[in-house]
Each structure stands twice: as C-alpha cells, then as structure tokens.
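Novice:
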Amino acid sequence: MSPQWYRTLDLQGRRTFWTAFTGFVLNALAIQLYPLLLPTIAAAWRLDALQAGVIASATLVASTAGGWIAGALSDRWGRVRVLQATILLFAAATLMCAVSRDAVQLTIARALQGAAFGGEWAVGIVLVAEAAAPATRGRMVGAAQSAWAVGWALAAGGVFAAVSLHDPVSGWRATFGLAAILALGVLLLRHRLPTPPAAKRDGSPAVWRGLFARPYAYATFRGALLAIGLHGGYWALAIWLPTLLRFGPATDRAEAGRQLAVLIGGSFLGYFGGSWLSDHLGRRMALLALAVTAALFVPIYFALPHAKVLAVILSFPLGFLATGMFSASGPVLAELYPTALRGSGQGFCYNLGRGVGGVATGFIGAGVVKIGLAPMLTVFVTGAYGLVALAALLLHETRGRSLADEDS
C-alpha cells in the first residue's frame with residue numbers, strides 16, 4: 011500500500027520523485043564511502059587525523075560552490091537540465107576517486123565530487139518540493155531525503171564486501187568505480203524528464219542579489235543559520251563516528267558494524283518521522299522539538315562505552331533525530347522563496363551550511379589529539395543542534411504555502 015502523498019501524484023510527479031530519489035541514493039553511496047573507508051585509506055597512505063579531516067572538508071566546502079552555482083543556473087536554465095549536468099560531473103569525479111594515487115589527487119577528486127553533490131542535492135530537493143501538493147510537501151520531501159540512508163546502507167555493505175572479502179586497496183577503488191558506473195544509469199532515468207508546473211516561470215531573469223535585499227534578506231539569514239547547524243551536527247557524526255566505532259573502546263569490527271547499522275536504520279526512519287511532524291505540527295515546531303531533544307541526547311550518547319548493548323540501542327534515536335531535522339528543513343528552505351529565487355535561495359542556504367559545517371568538521375581532527383574524539387564530537391554536535399533550535403525560534407511558519415505563487 012503506497013502512502014497517501016504518493017497516491018495523489020500523477021505520472022509526471024512520480025517520475026520526478028523517483029528520479030530525484032535514485033540520484034540521492036547514488037550521492038549518499040559515493041559521498042559516504044570516504045568516511046567508511048577512512049580507516050583503510052588512512053592506514054594505506056599513513057594519513058594523520060588532520061590530513062584525513064582536510065580531505066573530508068574539501069568535499070563539503072566544494073559542495074557549497076556547487077550548490078550555489080547549480081541553484082542559480084536552475085532558476086535560469088531549468089531544474090532538469092542542471093540535474094543532468096550535475097550527475098555527469100559526479101560520475102567523472104567518482105571515477106577520479108577510484109584511480110587516485112595519493113592524498114592530493116583524492117582531495118581534488120573529492121572536491122569535484124562535492125561540487126556535483128552540492129548541485130544535485132540543492133536542485134533535486136527544489137524539484138521534488140515543486141512537484142508536491144502543499145498539504146503533503148513535508149512527507150514527499152522527507153521520503154526523497156530518506157534516499158540518503160539507503161545510499162549510506164549500500165555504501166556500508168559495499169565497503170564491508172570490498173574491504174573484507176578482497177584486498178583493501180583494490181577493494182575501495184573498485185567501490186568508487188562501481189558508483190561511477192551507476193551514475194550513468196541515473197542520467198538515463200532523467201532523459202526527457204518534464205518540469206513541474208510550479209517550477210515554470212514567466213521567463214524574466216532572476217536577480218541573485220535579491221536573496222540579500224528586502225523582503226528576502228532575513229529569510230536568507232534564517233535559512234543559512236538553520237543549514238549551518240544541521241550540516242555541522244550531521245557531518246561531524248557521519249565523518250567521525252565510523253572512526254570512533256572502529257578505533258574507540260570497542261575495536262571489534264562486527265560490534266562496530268552492528269552499531270553503525272542501527273544508526274543507519276534510525277536515520278532512514280528519521281526522514282519519515284521528521285517529515286510527518288513537519289506536516290502535522292508545522293515546520294517550526296517540528297524543528298524546535300527535534301533540535302532540543304538532539305542537543306540533550308548527544309552528551310548522553312557519547313558518554314557511553316561504544317558497541318555495548320545500550321550504546322547500540324541508543325544509536326537508533328541518534329540517527330532518527332539527526333535526519334528528522336533534515337526532512338523538516340527541506341520544505342522550509344523551498345517555502346522561503348518565490349519560484350524565481352527558489353533554486354538560488356535554497357542552493358545558497360543549504361550549501362553555505364554544508365560548507366561552513368565542512369570547514370568546522372575538519373577542525374575536529376585537529377582537536378582529537380588534545381581532548382579525544384568522543385569529547386570533541388560531544389561539544390561540536392551539541393553546539394550545532396543548539397544553532398538549529400535558535401534558527402527554528404526565528405523562523406515563521408510556512409506549512410501549506412503554495413510554491414506556484416510568485417509573490418509567496
């Protein structure tokens with residue numbers, strides 16, 4: 011039985027959803043490969059924590075520029091055309107990751123991959139939001155974003171198979187190569203994809219600087235603050251938690267794998283839970299409730315010995331809270347702007363957050379030597395979710411807003 015929001019979609023709307031969903035799965039698979047492979051790559055190339063953090067940050071910082079550029083171009087040239095370009099760049103960059111011979115080459119390849127990823131996510135979420143009905147937009151956007159957890163799970167399974175069953179070095183290269191091939195399949199799915207009616211404009215040129223002028227400057231500030239908190243907290247967990255599980259107090263790979271699997275399961279359901287809350291409680295209250303709960307929960311989680319039974323169980327709500335906030339924020343960023351600025355606005359806010367969060371996440375590697383990884387994650391992630399709560403307090407409620415209204 012399909013959900014109610016899906017049954018209300020016509021054929022075009024369903025094709026739009028699945029086109030975005032498959033692209034997001036692939037993005038997550040390829041992007042999450044590095045954090046999962048970090049222990050293997052670091053050992054093979056003898057990287058310290060700071061060098062590993064720089065490679066991770068390069069992806070997120072480059073995604074900022076990619077999201078800004080792709081968002082602006084999607085307002086001018088159309089969402090579908092830009093999405094076709096981003097998936098091509100993504101395939102090429104992922105193939106470059108597979109053949110990288112040292113940390114410098116991998117950093118460049120991951121930066122290009124990040125630029126494509128930033129554009130893909132920013133434009134894809136806008137396209138899904140514009141195809142959705144106002145009453146169920148939160149749930150449809152949340153369902154599309156749940157693709158990230160699917161891709162993360164596929165990445166974890168692929169890494170386990172490639173590294174555990176084969177030579178670690180050739181295994182991680184093969185994993186990146188397979189992701190590049192799959193990207194070309196996503197490109198075929200996007201052939202002749204129509205543009206949703208809410209994304210169609212009258213042809214007048216969008217003025218990008220309108221994001222920083224009345225009446226949208228304050229909306230841009232609030233959206234950027236929200237995105238910085240979301241990305242800072244999420245990427246700190248996504249990049250460094252696998253390393254903590256692998257080399258922390260519990261070094262058994264099977265136990266660490268179980269804890270990561272529970273975290274991913276919670277993340278998958280969090281997208282649906284957060285989107286349901288955003289449609290029923292409103293965007294503002296859903297974000298506030300999730301952020302405050304997460305900020306209180308994180309110190310408890312990292313105070314526990316990892317891979318023990320309680321820590322494994324509590325990984326589920328941690329994943330749920332982290333992604334629940336993302337699914338509640340996706341509709342908000344789309345609803346802050348009119349059609350002429352929607353791609354630019356969402357692309358700017360979302361990817362500024364990812365870039366700032368990425369730079370800050372890189373400093374976690376520098377702080378590990380002084381106070382340890384678990385304390386660094388506790389301080390960083392709790393502070394990030396505090397920013398999300400502050401942004402939620404500043405937001406106006408946008409639930410039910412029509413995206414077809416140019417003056418919204």
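Going by this note's numbering, the sequence shown opens with residue 11, and the numbers climb by one from there.
Beta carbons: idealized from backbone N, C-alpha and C, even for Gly.
Short of 8 Å in beta carbon distance, which residues of its chain neighbour Leu-47, apart from the five on each side in sequence? Order them along the chain.
Specialist: Val-169, Val-173, Trp-182, Thr-185
Novice: Considering only residues of the same chain and omitting the five flanking positions on each side of Ala-376, which have a CB-CB separation below 6 Å?
Specialist: Leu-60
Novice: Using three-state DSSP, classify Ser-214 as helix, strand or coil.
Specialist: Residue placement at Ser-214 cannot be trusted, given a pLDDT of 49 that sits under 50; the coordinates are not used to answer.
Novice: Phe-27: buried (16+ other C-beta within 10 angstroms of its C-beta) or exposed?
Specialist: buried
Novice: Applying the 10 Å Cβ sphere with the 16-neighbour rule, what's the burial state of Ala-313?
Specialist: So Ala-313 counts as exposed.
Novice: Can you give me the Cβ contacts of Ser-214 inside the same chain, cut-off strictly under 8 Å, excluding the 5 residues immediately before and after it?
Specialist: Confidence at Ser-214 is low in this model, with a pLDDT of 49, below 50, so its placement is unreliable and no value can be given for it.
Novice: Excluding sequence positions up to five away, which residues of its chain have a Cβ less than 6 Å from the Cβ of Ser-337?
Specialist: Gly-152, Gln-155, Tyr-281, Gly-284, Ser-285
Novice: Classify Ala-119 as helix, strand or coil using the three-state DSSP reduction.
Specialist: Ala-119: helix per DSSP, three-state reduction.
Novice: Taking DSSP as the reference, what is the three-state secondary structure of Gln-314?
Specialist: Reading the sequence as shown, one finds Leu at residue 314 and not Gln. In this structure, Leu-314 counts as coil in the three-state DSSP scheme.
Novice: Should Ser-12 be labelled buried (16 or more other beta-carbon atoms within 10 Å of its own) or exposed?
Specialist: Exposed, by the Cβ-count rule.
Novice: First and last residue of the alpha helix (DSSP H) that includes Asp-85?
Specialist: Boundaries of the alpha helix (DSSP H) around Asp-85: 59-87.
Novice: With three or more C-beta pairs closer than 8 Å as the rule, is the segment 129-148 touching the segment 29-49?
Specialist: yes
Novice: Answer yes if the segment 63-79 comes into contact with the segment 114-129, meaning at least three C-beta pairs across the two stretches below 8 Å, and no otherwise.
Specialist: Put simply, the segment 114-129 touches the segment 63-79. At least three CB pairs are less than 8 Å apart.
Novice: Taking contact to mean at least 3 C-beta pairs separated by less than 8 Å, is the segment 290-301 in contact with the segment 349-366?
Specialist: With a cut-off of 8 Å, the segment 349-366 and the segment 290-301 do not count as touching, because too few Cβ pairs lie within range.
Novice: Measure the C-alpha to C-alpha separation of Gly-239 and Ala-53 and round it to an integer number of angstroms.
Specialist: 31 Å
Novice: Assign Arg-219 to one of three DSSP states: helix, strand, or coil.
Specialist: helix
Novice: Quick one, which of Leu-324, Leu-235, Thr-253 has its alpha-carbon nearest Gly-275's?
Specialist: Checking every option, the nearest Cα to that of Gly-275 belongs to Leu-324.
Novice: Using 10 angstroms around the beta-carbon of Asp-289, count the other beta-carbons present and answer buried if the total reaches 16, otherwise exposed.
Specialist: Buried, because 16 or more other Cβ atoms sit within 10 Å of the Cβ of Asp-289.
Novice: Restricting to Cα atoms, I'd like to know which of Thr-18, Leu-221, Gly-33 is closest to Ala-82.
Specialist: For the options Thr-18, Leu-221, Gly-33, the alpha carbon positioned closest to that of Ala-82 is the one of Leu-221.
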